[in-house]
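Residue numbers (this note's numbering), protein chains in the order written: chain R, 14 to 353; chain U, 14 to 353; chain G, 14 to 353; chain Y, 14 to 353; chain E, 14 to 353; chain C, 14 to 353. In what follows, a structure is listed as structure tokens, so that the remarks can point back to it.
Number of protein chains: 6
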Amino acid sequence: MGRIVCFGEVMLRLGPEGYYRFHQVDRFVLNYTGAEANAAVALSQFGMETEVVTKLPDHAIAKAAVAELKKFGAGTRFIQFGGERMGVYFIEKGASQRASKVIYDRKNTAISAVRPGEFDWETIFEGASAFLFSGVTAALSDTMPDVLAEACEKAKEKGVKIFCDLNYRKNLWTPEKAQVAMKRLVKYVDVLVGNEEDSEKMLGVKAGASDVRKGELDTASYVDVAKQLQREYGFEAVGTTLRKSISASDNKWSGMLYTNGTAYLSKEYDIRIVDRVGGGDSFTSGLMYAMLNGYDSRKALEFAVAASCLKHSIELDFNLVSVEEIVALMEGDGSGRVQR
Amino acid sequence: MGRIVCFGEVMLRLGPEGYYRFHQVDRFVLNYTGAEANAAVALSQFGMETEVVTKLPDHAIAKAAVAELKKFGAGTRFIQFGGERMGVYFIEKGASQRASKVIYDRKNTAISAVRPGEFDWETIFEGASAFLFSGVTAALSDTMPDVLAEACEKAKEKGVKIFCDLNYRKNLWTPEKAQVAMKRLVKYVDVLVGNEEDSEKMLGVKAGASDVRKGELDTASYVDVAKQLQREYGFEAVGTTLRKSISASDNKWSGMLYTNGTAYLSKEYDIRIVDRVGGGDSFTSGLMYAMLNGYDSRKALEFAVAASCLKHSIELDFNLVSVEEIVALMEGDGSGRVQR
Amino acid sequence: MGRIVCFGEVMLRLGPEGYYRFHQVDRFVLNYTGAEANAAVALSQFGMETEVVTKLPDHAIAKAAVAELKKFGAGTRFIQFGGERMGVYFIEKGASQRASKVIYDRKNTAISAVRPGEFDWETIFEGASAFLFSGVTAALSDTMPDVLAEACEKAKEKGVKIFCDLNYRKNLWTPEKAQVAMKRLVKYVDVLVGNEEDSEKMLGVKAGASDVRKGELDTASYVDVAKQLQREYGFEAVGTTLRKSISASDNKWSGMLYTNGTAYLSKEYDIRIVDRVGGGDSFTSGLMYAMLNGYDSRKALEFAVAASCLKHSIELDFNLVSVEEIVALMEGDGSGRVQR
Amino acid sequence: MGRIVCFGEVMLRLGPEGYYRFHQVDRFVLNYTGAEANAAVALSQFGMETEVVTKLPDHAIAKAAVAELKKFGAGTRFIQFGGERMGVYFIEKGASQRASKVIYDRKNTAISAVRPGEFDWETIFEGASAFLFSGVTAALSDTMPDVLAEACEKAKEKGVKIFCDLNYRKNLWTPEKAQVAMKRLVKYVDVLVGNEEDSEKMLGVKAGASDVRKGELDTASYVDVAKQLQREYGFEAVGTTLRKSISASDNKWSGMLYTNGTAYLSKEYDIRIVDRVGGGDSFTSGLMYAMLNGYDSRKALEFAVAASCLKHSIELDFNLVSVEEIVALMEGDGSGRVQR
Amino acid sequence: MGRIVCFGEVMLRLGPEGYYRFHQVDRFVLNYTGAEANAAVALSQFGMETEVVTKLPDHAIAKAAVAELKKFGAGTRFIQFGGERMGVYFIEKGASQRASKVIYDRKNTAISAVRPGEFDWETIFEGASAFLFSGVTAALSDTMPDVLAEACEKAKEKGVKIFCDLNYRKNLWTPEKAQVAMKRLVKYVDVLVGNEEDSEKMLGVKAGASDVRKGELDTASYVDVAKQLQREYGFEAVGTTLRKSISASDNKWSGMLYTNGTAYLSKEYDIRIVDRVGGGDSFTSGLMYAMLNGYDSRKALEFAVAASCLKHSIELDFNLVSVEEIVALMEGDGSGRVQR
Amino acid sequence: MGRIVCFGEVMLRLGPEGYYRFHQVDRFVLNYTGAEANAAVALSQFGMETEVVTKLPDHAIAKAAVAELKKFGAGTRFIQFGGERMGVYFIEKGASQRASKVIYDRKNTAISAVRPGEFDWETIFEGASAFLFSGVTAALSDTMPDVLAEACEKAKEKGVKIFCDLNYRKNLWTPEKAQVAMKRLVKYVDVLVGNEEDSEKMLGVKAGASDVRKGELDTASYVDVAKQLQREYGFEAVGTTLRKSISASDNKWSGMLYTNGTAYLSKEYDIRIVDRVGGGDSFTSGLMYAMLNGYDSRKALEFAVAASCLKHSIELDFNLVSVEEIVALMEGDGSGRVQR
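Shown next as structure tokens:
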């Protein structure tokens, strides 16, 4: 199988260890992350060949980010160096009734200043089997949708399957801007991942309301949205995670996959959260692995959900689990028994 | 609104990180705390002007305590320096069926040696709107009730509203001593906070027994106690927290406010505990904020309970949350969803 | 009462702090442990005189292990120094659906090379009241069963009560090898601790299947196994822990004791796990304390179960709790209320 | 004495603990700093009333910065909130022959977007006795020199003494831009601090070359530069630090003060460096304290040099020492003897 | 050889890691220490049998102190539990020109309330070969000199050799009080350790002044003082350390031993200080080991000086080195070469 | 230029942070290292293509080691998985007069069990330009010299330049065994690195004695040894480091290169040691870089010495510096000035 190309921003994540608030600490835990980088690392852990495509400034912190991607097996040879700065986000993990808090410092980054023509997509997609981008990448600047369109054109030309995770971020753009960009880009997409809010804000496809803050989800409306999306854009498949937030410490977690006119619902996991950031990315990368490896739809969904369930038990953004661990969970062992 | 004066001991808290026992570690997490200081810090986070009034020895550790109060916005200009030592307490956080363990080293402190006439209450209460002291302060030494009476007299004279949190500590005094002191002091008090045990041990007001160790509380008896207290001392309001201890890791948490002949019961929260120390202080300070800002009784109670619910998700003694976070929880968002 | 002799390997345990995976960290938490050492330390915390008997290489890390045993009160004067290396095991704590992971590096250790005649059992058992060894010790090498038989012979001769915790470890030996060794050794044993899997793999005694990975246990079959064991080997008592694994974060925990034809079932605890390693050793040591101190069977079982329930709330392998704390839990206080 | 107003950027500093390189660590030590904030904190530790004037974005990390300033006694009431982001710099501490490494991420900050008229200098300088700004502040944006000129005008009008620390930063601007801005601004300045490189790059005043990388300094040329500066701009005094860099671990440290036609040279200290960042700021703030408190020129210089000598023994940017500690060092006790 | 009895206070030491100041940190490194406990631990590391005799309150922090003593091999069976509190001292390590800072919180401790008759000296000294106490112990309370006299009487009676380290602490008592107590106690002493300041303040024996803050020592006057002391009290030997404080980071270190009319001067070491607390105790314990093991005077002195030289390279108060390491240094290997 | 192949063991290094002794800590800093892996990482930092060839067990700790190598750019595709265990070494860093202490646990490792034929040297050396192995690799087992000979044969056949670092380790083998193996292997070698002790113990080539423990080196004898070696084996060049150990904290550091009949001596650096492990490997890798890139002999030596000088300022075994940093030091900037 060919390499998987993941295009998007790589950022520095900073935040207190454990459950301290920002103004309580004099140390920040740091790691390097981004929606597509998270997916690339997860896929590398599953044994796939991946390439993270991004642009970073030419300094030692950016080099440390690249080193971290290498460490976890992601390809870095198409990363370009230059430009102003790299994105940073600060995160304070929540607990119980206190939500996690995220502060973005992502403007004027090297990646956001990229213009069409800067990346050699011809070479990048040579022999590739899949391409992943997220709505976050499209939101980074006004030129980014053009860059993404350019990449998608080349990917299509090369017969590369395109995955898109909508990932709406209200701090990065408005629904109006998002719809202009995403309606254009999803036309290239084969497999779409997104929840109701994403669909409404980014593609204008609505369903009956469910108040996500109350921890209740109306699965039927998710299926309805997926149908509409499939009808309008002809996606091979539409997937979504179903998160019921009991509190910042406990979630119920499952997923839905709509394909070929059928909606599959996964089993649901009761999760004690260690770190929920990257939960969506781990679902997407799990789905990519399963679909690219020819799993049937039900199994593909269960793999993606089990993969992302495990992500919640792991610190920081990367989903550092093996295919074996995911399969064991899919097959029913969530007991946490020690093997020795 | 005028400043809020909080009089009491400021101590050094020391204990292992996480769930290690005392004899397992070679590092102690430290912070500076005290019932009234905790309230002052919380009120400062809510945007109120506060002053911590205390006496500390003239050395660098005490100066570090003052710096910490300043950091979180509490006023420190009336703090006096001199005397022997500052109080210390050691705490080992419990988990699951293992209870937290507290060791006091609070004798012969600078504050406990204070005598009437040492503080310039005239200046301290000039323009103040509220005064807070706790039963812990009264317990510090034989001279402290006199000092508190002196302060209360002046506060009353200046039209300052007096709040008292009973806070019985069996390691500091006996019920007999406590009743002599507190029956005299609560006569000045406008708003009293205390639970059944406090009322019985410190004011001799009993109700039907509920075995707090079993995690069951008889709300009716709490109301009964509040009524008796109101009848006997004419308090404007009597509040109490209602903690159901499932284990050291999980509590159910609500509160009751009795005022004008009505008993209000708040909603109840299922809490995953990060640190429960300062839970009572955060209820008191929440109630002070709400009452001083003219919230109606139901809303005042819900604010105080939501404030103290959030405290349990925060490490160490201070309740470092904003009014916005509390209001969001009051209004129903305890889902812990990340905003980004 | 005489000393309690605990014979087995003392290892270095290494693993990430909290819930990080092995390849995420640049620090390992370390401690020194082993099934019998864990029991010795727990018994020392209960006020008993203990001796850890083992062999360690003559270097500074081994000396650090001995220092750690001394710290927690275990006797170390019969420990021999010499030989190649000491055992190491790496552990990554699981959370939620992710299981803990253990990697053994226990081959070619000093203890595994011990041969009969190396320890002066005559002196070691002089005035002793109990002897503990586990199946892990027997599994360490081909010569170890002989060494254990030698020790058991001498213990029997001296009237010392022999406790054995079966503790099957599939990474150390096969059922075939285990049965040869253990069928011979348990003939000396007075009190046996082991679960169904242990009994089947190590003594060939089977019962109806219960799928331990699903968190369900069939208590009846446990009793059945105990009966068979008692019938075949004439044990004074057979005990077992009953762990229902909900996830790596939550377990239900109880125990069973079969003695004199009666099977006792303890109450069951809902545990939020801090560290579950050493849970079995804490049950065994709790049972030893209770039986050696003449508790009746029901109380002995409840003591052992409460002791091991508390172990789960403590970091690392040692059960650092006091008799008072265990008794308080047995008597019903698992509320985690702070005493101050 | 009136307050001391310190105007400039407050940044987040991030870097590895100890001597690790950026790409070796997963924790960054953090603190909040800036040339003028450092001076304000040092002056607050000396007992002076200070105000840090700056603009920060309205988010929790900026609030943490303000809390940190409060902690160390600096006034924060004139700080404005709004705008895009706050500056960040990354630092890797050097050792032996390896130099410290600094990466700036200071563009597009809230402070750099400030325009004349945004700060109420009238109120800010009411009752003030001194004003400090550095060349770094002037370098932040094209509008900043205008803002500084506005502030200086008002300061002069109010009879406030103006101190300026030249602090050339080649990563922020070119000599050409610097000279346009600084030649205009230093006309308002009473006391100037700067080294040879600063004077040449920022004011075009050259002297004989000394190769600073080789650890040798030609004191005579420093005096020559100071004379020229004094002649051209009529400064009350010109001060400079004299750093001889043996290595990143060892420096020789002294200072020179030129005033009233006399050049004073201080004694020289052999320093084992703990953290050299903020060394210049601590000299400036020491000089301000001494001059504002009427020390004679020699003593003022020795105070400033001793203050900044001690800074090198303190972690992070702030000079957290007392007047007593500085005076003891000035008077000859640099032996490091413990007092107990 | 019989056991060595060390009588004195065991305290909790708390302070920042590395070179942070007190008000910069939220963690304190902790350990348990005391002049005599330090000596006992060092002697235990050398393979001697020791007993720490002290009184501690009956709580978990004191138990942790005892566990720490056990860990490092010191005997603890004569330690009594009861009384109010244990002593605490806070320490901030200095660097370069900044001195270390110590804050005592040692009043009203359990040990200071001890009265004659509380310890069973008969049993304690049974079979002992040496007794150590320091002037610090005598300073703890008004009753302590009586307790020490009682102990010394019994030690003399049992033929136990008495060592005393004068250790003047100006924060614990005045020279007047010290002289009353110590002139009485040193009459029992066989081997005295103390420097010029100790001798003058505690025994009224003066010599020519040397300004210790300047890092210069007049060895001749040390010898003179030793001679006077020997003449007046008939000591078998008088030893002293000779510390030349270059800075808080660098010291020159040697020692002098006066015995049988001869003054021996050791070689001098250039020390890069890791932690200098306990330096004196490590000299005393080194001297005790060497004299009790029959080293000749020159070798005994060199052993004590080398032992205490190494102490400076070790964190915290205990001198955790082996006899082999000390002998290697005595014999000339201070090169720090790695052996592998 | 082709890849550089580095063949040898990859181990887990464990030790206390800072200057704590083994038995003082409950955390170990960990990293993954080995003489040839260290060289590969350094060369990767210099921008060279490298491959680490080794064998590791198939478990998560070994995978973490591989991830670490990837992180720092070393190639890992020829690493084989299987066999028993991986090597471990424990290190306690020395300071001042206290030497660092190393404990090896390197027996029965996967790499030591490798036999000729296991690695596909044909593919490994395809297109390679250099091969590095050290004497440590030859010492790992009796079969290892054969494996090395096999590799050298293939390397020679492919025209690959062979570098060997003698690296005598007395804990791994005797001089007798070493000479048998190394006399055979060095015949393949083009460039040899080794000091006097190495040459004598491993090749039987002696020179006049210099007592390395005293910090004195007789350069002439080094040159003499190099000449003998060159004459006997026809090396293209013989290099050696010249370490003068003042103490564990301070060393003087230079190097010598003998080639074409000329002995070059480098400049000497005064080093404040952060971590000296890997110092020799950093010299070898510096020399390899310089020679492979065509530096002249003097410049090659100065590069190697500057590279390894900088290594001493970096924590852990890898020399994480850039070519630019090394060149800056070679050219005279060792002042440690901050660039900003």
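Here a beta-carbon is modelled for each residue, glycine too, at the ideal position from N, C-alpha and C.
Distance CB(residue i)-CB(residue j) smaller than 7 Å
i: histidine 36 (chain U); j: alanine 80 (chain E); result: yes
i: valine 18 (chain U); j: phenylalanine 144 (chain U); result: yes
i: glycine 88 (chain E); j: glutamate 64 (chain E); result: yes
i: asparagine 121 (chain C); j: asparagine 121 (chain G); result: yes
Any C-beta of chain G under 7 Å from that of residue i
i: alanine 80 (chain E); result: yes
i: alanine 112 (chain U); result: yes
i: leucine 314 (chain C); result: no
Presumed contact (8 Å Cβ cut-off) between residue i and residue j, rounded CB distance
i: alanine 191 (chain Y); j: glycine 247 (chain Y); result: With 8 Å as the limit, alanine 191 (chain Y) and glycine 247 (chain Y) do not qualify as a contact, their Cβ atoms being about 21 Å apart.
i: proline 188 (chain Y); j: lysine 214 (chain Y); result: 4 Å
i: phenylalanine 296 (chain E); j: alanine 317 (chain E); result: 5 Å
Chain R within 7 Å of residue i, Cβ atoms only
i: alanine 75 (chain Y); result: no
i: leucine 342 (chain U); result: yes
i: leucine 300 (chain Y); result: no
Contact set for residue i: own chain, Cβ-Cβ below 6 Å, skip 5 residues either direction
i: threonine 156 (chain C); result: Arg128
i: methionine 304 (chain C); result: Ala313
i: serine 298 (chain R); result: Ala52, Ala55 and Leu56
CB contact below 7 Å: residue i versus chain E
i: glycine 349 (chain G); result: no
i: lysine 83 (chain G); result: yes
Beta carbon proximity, residue i to chain C, threshold 7 Å
i: serine 223 (chain Y); result: Reliability fails at serine 223 (chain Y), whose pLDDT of 48 lies under 50, so the model's placement of it is uncertain and the value that follows must be treated cautiously. It does not; no Cβ of chain C falls within 7 Å.
i: valine 115 (chain Y); result: yes
C-alpha gap between residue i and residue j, whole angstroms
i: glycine 95 (chain Y); j: arginine 16 (chain Y); result: 25 Å
i: lysine 240 (chain U); j: arginine 311 (chain U); result: 17 Å
i: lysine 106 (chain R); j: valine 202 (chain R); result: 33 Å
C-beta neighbour in chain Y for residue i, strict 7 Å
i: alanine 152 (chain E); result: no
Residue-chain proximity (residue i, chain U), Cβ-Cβ < 7 Å
i: leucine 255 (chain G); result: no
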